[in-house]
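Visitor: First, the structure itself, so that you have it in front of you.
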Amino acid sequence: MRVKIYDREYALVTTGDPERLRQLCAGLDKRMREIADSTGAVDTLKVAVLTALSLGDDLQRVREELRRLDNAVGRKSLSCISLIERLLS
Numbered sequence: 030m031r032v033k034i035y036d037r038e039y040a041l042v043t044t045g046d047p048e049r050l051r052q053l054c055a056g057l058d059k060r061m062r063e064i065a066d067s068t069g070a071v072d073t074l075k076v077a078v079l080t081a082l083s084l085g086d087d088l089q090r091v092r093e094e095l096r097r098l099d100n101a102v103g104r105k106s107l108s109c110i111s112l113i114e115r116l117l118s
């Protein structure tokens, strides 16, 4: 399939859902344009690197939040198990 990201066309192949790939490409294009607008960067490589850093930061924040939530769920689960054991004994 052919997609356009930041005014360049790419021929991509996916084994997954083509619509998902289109959405990912559209999101990447949007993010690159936002970063170019906010930084004034005009060099495509610089915009791509800044976008990669921004997306990497987003990913790291989501992973940290997931880890925090996973730990919280683990603590709550242990608390519930302890309460159930006390009630059953």
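The sequence shown begins at 30 in this note's numbering and counts up one residue at a time.
From the three backbone atoms N, C-alpha and C, an ideal C-beta is built for every residue, glycine too.
Return the Cβ separation of T80 and R60 in integer angstroms, given the expectation that the two are a contact with Cβ distance under 8 Å.
Guide: Here residue 80 refers to the residue found at position 51 when the sequence shown is read from its first residue. Here residue 60 refers to the residue found at position 31 when the sequence shown is read from its first residue. Right, their Cβ atoms sit about 5 Å apart.
Visitor: Can you check which of these residues, L53, T73, V102, is closest to T43 by C-alpha distance?
Guide: Along the sequence shown, one-based indexing puts residue 43 at 14. It is L53.
Visitor: In terms of residues, what are the limits of the alpha helix (DSSP H) holding V76?
Guide: As a working mapping, residue 76 is identified with position 47 in the sequence shown. Run containing V76: 73-117, per the alpha helix (DSSP H) assignment.
Visitor: Contact check, L50 vs M30 under 8 Å by CB: the rounded distance?
Guide: Sequence index remark: in the sequence shown, residue 50 carries index 21 (1-based). Sequence index remark: in the sequence shown, residue 30 carries index 1 (1-based). Correct: roughly 7 Å between the Cβ atoms.
Visitor: Hey, how far is the Cα of L41 from the Cα of A77?
Guide: Here the question's residue 41 lines up with position 12 in the sequence shown. Here the question's residue 77 lines up with position 48 in the sequence shown. When rounded, the distance between both Cα atoms is 18 Å.
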